[in-house]
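For the sequence shown, the working numbering begins at -6 and goes up steadily by one.
Built from N, CA and C at the ideal position, the CB exists for glycine as well.
Just below is one structure, and these are the notes that go with it.
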Amino acid sequence: MRNQPKYKFFKNWGYAIKGLAEIYKNEQSFRLEIWIFAPLAFSLMFWNFGAVLNLFLIFCMALVLVVECLNSAIERVVDLASADFHTLAGAAKDAGSAAVMIANILCAFTWLYAFFSRFS
């Protein structure tokens, strides 16, 4: 059985906020995505894409941020495990980066679909 402290909602919420702040502070790509997605999310109030497409757009932007957080976690764990270069460590980091790239492509295609369906 794990030696785990008693669950406390607000303390765990604080850990999540601390993690987001650390990623925002140290990951330039996360900051860039935030600065791109915030105005895009705000602009949804002015476009008439419909509720379902708006949800897809919000979910795809959130997915990119989630995958970016997971990629950052993978990178930190790999760096902690070994300071030396290892082929598997590089492959793990590359796989995380590929996941971010796929999420970004999905998000871009979703936005393109929204604009083309609205204006065509």
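Quick one: Cα of Leu99 to Cα of Val93, how far? What you label residue 99 is simply residue 106 of the sequence shown in a count that begins at 1. What you label residue 93 is simply residue 100 of the sequence shown in a count that begins at 1. In this model, Leu99 and Val93 are separated by some 10 Å (Cα to Cα).
Restricting to Cα atoms, I'd like to know which of Ile67, Ile16 and Ala31 is closest to Ala84. Against the sequence shown, residue 84 aligns to sequence position 91. Taking only the C-alpha atoms, the option nearest Ala84 is Ile67.
Excluding sequence positions up to five away, which residues of its chain have a Cβ less than 7 Å from the Cβ of Asp49? Here residue 49 corresponds to residue number 56 of the sequence shown, with the count starting at 1. For clarity, residue 49 is Phe in the given sequence; the question names Asp instead. Counting only Cβ-Cβ distances below 7 Å, and skipping sequence neighbours, we find Thr103.
Can you give me the C-alpha to C-alpha distance between Val57 and Leu33, rounded to a whole angstrom? For the purposes of this step, residue 57 is taken as the residue at position 64 of the sequence shown. For the purposes of this step, residue 33 is taken as the residue at position 40 of the sequence shown. It is roughly 14 Å from the alpha-carbon of Val57 to the alpha-carbon of Leu33.
Are the stretch 21 to 37 and the stretch 71 to 82 in contact at 8 Å, needing three or more beta carbon pairs? No, they do not touch.
Span separating the alpha-carbon of Gln21 from that of Asn(-4): Here residue 21 corresponds to residue number 28 of the sequence shown, with the count starting at 1. Here residue -4 corresponds to residue number 3 of the sequence shown, with the count starting at 1. Roughly 35 Å separates the two Cα atoms.
May I have the straight-line CA-CA distance separating Ala74 from Asn64, to the nearest angstrom? The residue you call residue 74 lines up with position 81 of the sequence shown. The residue you call residue 64 lines up with position 71 of the sequence shown. Rounded to whole angstroms, Ala74 to Asn64 spans 15 Å at the Cα level.
Assuming the contact rule is C-beta atoms closer than 8 Å, Phe23 and Glu61 should be a hit. Round their C-beta distance to whole Å, please. Residue mapping note: residue 23 aligns to position 30 of the sequence shown, counting from 1. Residue mapping note: residue 61 aligns to position 68 of the sequence shown, counting from 1. Right, their Cβ atoms sit about 5 Å apart.
What's the C-alpha gap between Gly7 and Leu105? Start at 1 with the first residue of the sequence shown, and residue 7 comes out as number 14. Start at 1 with the first residue of the sequence shown, and residue 105 comes out as number 112. About 36 Å.
Rounded distance between the beta-carbons of Ala96 and Leu46, thought under 8 Å: In the sequence shown, counting from the first residue as 1, residue 46 sits at position 53. In the sequence shown, counting from the first residue as 1, residue 96 sits at position 103. About 18 Å separates the two Cβ atoms, so there is no contact after all.
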